[in-house]
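Quick note: full-length UniProt numbering has the sequence shown finishing at residue 814, numbered continuously throughout.
Before any comments, here is the structure.
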Amino acid sequence: MNVSYQWLSQYIDLTGVSAEEIAERMTRAGIEIDSVENRNQGLDHIVVGYVVSKEKHPDADKLNVCQVDVGAEEKLQIVCGAKNVDAGQKVPVATIGAVMPGGMKIKRAKLRGVESQGMICSAKELGMNDKLLPKEMQEGILVLPADTDLGTPIADVLGLNDHVLELDLTPNRSDCLSMLGVAHEVSALLERPARLPEQDVKESAEAASSKVKISISAAEGCTHYAARYIAGVTIKPSPLWLQNRLLAAGVRPINNIVDVTNFVMLEYGQPLHAFDADKLNGGGTIDVRFANEGEGLVTLDGQERKLEPHMLLITDGVKPVALAGVMGGENSEVSSDTVNILLESAHFTGSVVRKTSRQLGLRSEASLRFEKEVNPEAVIPALNRAAELIRTLADGEVYAGIVEQKTASLERKVVELTLDRTNRLLGTSLTSEEVRKIMERLGFEFVEKSEGSFAITVPTRRGDITRDVDLIEEVARIYGYDNIPVTAIEGSTTPGHLTKGQSIRRAIRRVLTDNGLNEVVTYSFTNPADTALFPSFLEDAVPVRLAMPMSEERSVLRTNLTPGLIDVAVYNRNRKHEDISIFELGTLHLTKEEQLTAQPKEVLVASLLMTGKRNAAQWNVKAEPVDFYDMKGVLDSLVSYFGLDGRVRYAADRPQGLHPGRSASLYLTGEHGEQYIGFIGQLHPEVQHAKDVADTYVAEILMQPLIDAADFDIEYRSLPRYPAVDRDIAIVLDRGAEVGQVVALAKETAGELLESVNVFDVYTGEHVAEDKKSVAISLVYRHPEHTFTDEEITELHGKVVAAIESNFKAELRK
C-alpha cells in the first residue's frame, strides 16, 4: 500500500510532523514502512507555460521552434523535437537554470543555429512514472489541462511536492489497505482527530428503484449488495488533482468514472465497480449467484475465463457481467459511449473471492482487499462518496435512494478485557484511565463494567481484533514498546529439544556428509515419465497429479527421489562440474488411487548419487572413477550407524532402470522375515544415454524400517587377550552363486568364534570351467577365553568348509 503524505493530510492535521517521522512512528507501532519516497526529484525553475506559436525549424525537419509564455515579461523561444507539441497547449517548461531529475542542467543553447531558452518537458523527464500514464501521454511532451494556471510551479500542479510511504502490511492489518484506515492509525499515534469525507449526495427526484433490481441467489458468497443509478454521465479525463492522487498510489488513471471507483477504493478500502447500465438486461437488473457448469466470461483484460460452480458471479439475470470481487466483464464495461451508470458496492466473502482469484491466476486491487475481508460498514459510505464524485466530475444525475439486499445482519464484536491481565502480560502498571484513553484513541468504544474489567466494542474495520490478547497488543502498540519496562521471566520453562525423528534425520545427514556427500534439495514435483524409471516402494503406485501444475515437467508428486538427483547431476555436468557425490533426505507421496479419496502415504527416503572420479589425480596417485563399491561402502556405514550390521542383504537382481550386472536390491532381515528397503547400482546404459550423464551410481533406501529396527545401544567389550588364527581358502562355485550368501553361511556356522570374513579375490578364466568362478576368502577365528589349539581350529574350520561345499556344491581348490 502506497500512502501519499499530501493525501493523508486531508484526513488528519499533520502540521509539524514530517513523512519520515510518521514512518518512524508507524514502524515502532508495528506497521513497517519499507521506504519514504520524495516524488519531487528536483523540479525548481519548472513552471506551467503556454505554447503561443509553433513553426518548423528552418534547418531541421524534426524540430519545431515554439514561442512559449511562462507568465514572465518576455516570451521564451524554445526548440522542441516532440511530435505532439502544438500551439495552444499548456505544458511544463524548464527555464534557464533548472536542474532536471536526471541531473541535466538547462542552459541557453543553440540548436541547428536557432537559440533555445529552455525545454518543454515530458512526464518521464519530470521524474514521473510515465508507465502509469496513457500511451499518448508517454510519447512526447506532457500536455496539461487548459485551465491550468500559467507560471505555476509544476511540482504544485502535478502534486509532486509530496512523499509516498510504502507500507509493508502483514495479513492481519487489512484495515490499512485504505487511506482512512491509515488515517485512523496515525490519529491514534499522534493523538490528533481524523476527519472523514463528506457523505452528502445531491439526488434527483427520480427513484433508483425504478431502474435497479437486485437479488442475491448465493447468500454464502455475498452478505450485502448495494447499488446507485447515475444517469447522463459524460466520460472524459479526470481532473488533475484526481489523477495525481492515483499516480501517487501507483494506479493508472483511465477516465473520470473508473478513476472515481479506484480513488474511493483507495480511500475507504471498499472496492467498487461501475457497470454501463444500458448493457445490462432491463437496464439495471443484478443477480449475485454462483457460476453454472461450463459457463464463461470475457473479463476486462480481454481474456476468456472458464468458470466453475464455486466462482461467484454478478449477472444481469441472463448473462454474467463480472467476477464478483475480482474483475468486471467486457460486456458491461464503461466506454466513451456510456451514458448511464449502475454503481456497485458490496461485501463478498473473502474465501470465495480468494479461491476464484487464485484458480484463475487473476489478482486485482479489489480481490486483494476482499480476500482479507473488507470493512462491511464501508459499503454504503463508499457508495455515497463515489456517487457524489461522479455527479460532480461527470455531470451525472444521481437517482434518489440506494437499492440493496442483505443476507446477514451486521454486529460489532464486544471483547472483554481486564486491567490485571493487561498489566500481567505486558509487565506494566497501567491504570484504567490510561487503558481507556488508548482505546478511545483507537476509536474503540470503552465501557468499564466493574473496577478493572472492561467491555470493548471493536469497529468492524478492525477484523483482526477477536480476543483480549489482541486488545492487549493494541495497548502495547499505542503505549509504546519502548515504554514497557524490562522484567525477568516468571514461571516454569521447558527446555527445547529435538524429537526422536529430528535427531535421527540429523544423524543420517551427518553420516552421509562424513562420507563425503553433499546434501541437495530437489522439487517435490516431477515429470510423470520420470516416476516410472525406477522401482517404487509401493506396488502399482500412481503419481498424484497437481490440479494447477506450473508445467508438465512439474505436474505430479514424486514417487522416488533418484530422478531429482539425476537432474542435479545433469545441471552440474553442463557447467563442467563432473565429480559429483550428493544425497537427499526427503519424503515420497505414494497412493494407488487415480482419484484421491484419502491422503497419500508419505514415506521418508534417503537417495544417493555418485558420478565422476573418486579422487583427483596427484603426482603420485592416478585419478580413479567411482564404482559400485563406493556407493555400497556409504550404505554400509549408514547401516552400521543403525546397528544393523549383518541384517541388510544385497540381492544381485535387476532393479528397474539400473544396469543388469551392476545393481542389487536391498532387504532387511527382521522378526517377520525379509523386507524390501531399496536398491543400489549403476544407471542402465539407456537411462545414462537419455539423461546424457557418464557412469552414474545411485541408491535409494527406505528409512523408516531402519529407524524401527535400529539398535542404538552401545555395547563395550574388552580388547582381545588371545591371538587370532587366519585361514585362507579358495573355492570353486557356480558363476551364478552369490558370494554374500557364502559369507553369511560361514558366519552362521562358526558363530561368534569367526571374527571376520573377507573376500579378497574372484577369478574366472584359465584352469576354471566356463560356468564356474574361483573365490578366495580370508577367515579370522578368535576364542574369547583361550588360545585355539590345533585340534579346535582344524575342527571349526573344517565345519565351515564342509558347510560351504555341501550347500553350494563347491570344491575346495588345493
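Ideal Cβ placement from N, Cα and C applies to all residues, glycine included.
Just so we're clear, the structure is a prediction, and the values are computed from it rather than from any experiment.
### Query
Taking the alpha carbon of A227 as the point to measure from, which residue in L442, T261, K56, N620 has its own alpha carbon closest?
Ranking the options by Cα distance to A227, first place goes to T261.
### Query
To which residues of the same chain is P563 closer than 7 Å at the C-beta, ignoring the five residues directly before and after it?
T526, D530, L533
### Task
Pick helix, strand or coil for D728, following the three-state DSSP scheme.
Strand.
### Query
Per DSSP, which one or two residues make a beta bridge with Y697?
As DSSP reads the structure, Y697 sits in a beta bridge with M610, Q682.
### Message
Which same chain residues end up closer than 8 Å to V544 when comparing Cβ atoms and leaving out the 5 residues on each side of it in sequence?
### Response
V556, L557, H589, T591, L596, P600
### Query
Can you tell which of F712, E785, S665, G678 has its C-alpha closest to the C-alpha of S718?
E785
### Query
Across which residues does DSSP place F290 in a beta bridge pair?
L312
### Nonlocal neighbours in the same chain, by C-beta distance under 6 Å from D168, ignoring five residues either side
E32, D34
#### Entry: the region 197-204 / the region 299-313 touching (three or more Cβ pairs under 8 Å)
no
### Message
If you reduce the DSSP assignment to three classes, tell me which class F628 lands in.
### Response
Correct three-state label for F628: helix.
### Query
How is T234 classed by DSSP in three states: helix, strand or coil?
coil
### Counterpart residues of I12 in DSSP-defined beta bridges
Beta-bridge pairing links I12 to A194.
### Task
Could you please give the first and the last residue of the uninterrupted alpha helix (DSSP H) stretch that includes L54?
Here residue 54 turns out to be Lys, not Leu, going by the sequence shown. That residue, K54, is in no alpha helix (DSSP H); its beta strand (DSSP E) goes 46-57.
### Query
Taking C-beta to C-beta, are Q270 and N384 nearer than 8 Å?
Their beta carbons are not under 8 Å apart, which means Q270 does not touch N384 by this criterion.
### Task
Keeping to the same chain, check which residues put their C-beta closer than 7 Å to that of S217; ignore five residues upstream and five downstream.
D287, V288, R289
### Task
Could you tell me the distance, in whole angstroms, from the CA atom of A569 to the CA atom of K105?
Taking the straight line from one Cα to the other gives about 56 Å.
### Query
Is it buried or exposed for E686, if we count other Cβ within 10 angstroms and need 16 for buried?
exposed
### Query
Relative to the C-alpha of K613, which residue among T487, A507, A750, D579 is closest?
D579
### Message
Measuring CB atoms only, is the region 349-369 touching the region 314-329, in the sense that at least three cross pairs come out at less than 8 Å?
### Response
The region 349-369 is in contact with the region 314-329.
### Inter-residue Cα distance where the pair is Y11 and V52
Cα atoms of Y11 and V52: separation of roughly 40 Å, rounded to the nearest angstrom.
### Given I701 as reference, the closest of I508, V47, T152 once Cα atoms are compared
Among I508, V47, T152, the Cα nearest to that of I701 belongs to I508.
#### Entry: Strand pairing of T285, partner residues [DSSP]
K213
### Message
Just to confirm my understanding: we take I235, look at its own chain, exclude 5 residues before and 5 after, and list those with CB closer than 6 Å. What are they?
### Response
N255, S336, T338
### Of the listed residues A19, T15, D13, nearest to V3 (C-alpha basis)
The candidate whose alpha carbon is nearest that of V3 is A19.
### Query
Can you tell me where the beta strand (DSSP E) with Q77 in it begins and where it stops?
76-80
### Task
Would you identify the three-state DSSP class for L280, choosing helix, strand or coil?
coil
### Task
Would you kindly work out how many angstroms separate the C-alpha atoms of K75 and Q67, rounded to a whole number?
6 Å
### Message
Below 7 Å, is the gap between the Cβ of E377 and the nearest heavy atom of the ligand HEM?
### Response
Only the bare structure without any ligand can be found here, which leaves the ligand HEM out of the picture.
### Task
Leaving aside the five residues before and after A776 along the sequence, list all residues of the same chain whose C-beta is less than 6 Å from its C-beta, in chain order.
A730, F760, D761
### Task
Measure the Cβ-Cβ separation of V414 and I465 and say whether it is below 8 Å.
no
### Query
Where do the N-terminal and C-terminal ends of the alpha helix (DSSP H) with I402 fall, by residue?
Neither: I402 is in no alpha helix (DSSP H) and is coded neither H nor E.
### Query
Which first and last residues belong to the alpha helix (DSSP H) in which R662 is found?
Careful: R662 lies outside any alpha helix (DSSP H), inside the beta strand (DSSP E) at 658-670.
### Message
Which residue marks the beginning of the alpha helix (DSSP H) containing R39, and which one marks its end?
### Response
Run containing R39: none; DSSP gives neither H nor E here.
### Message
Could you check whether L779 and V757 sit closer than 8 Å to each other, using their CB atoms as the reference points?
### Response
yes
#### Entry: C-alpha gap between T418 and M311, whole angstroms
43 Å
### Query
If you run the structure through DSSP and keep just helix, strand and coil, what is G329?
strand
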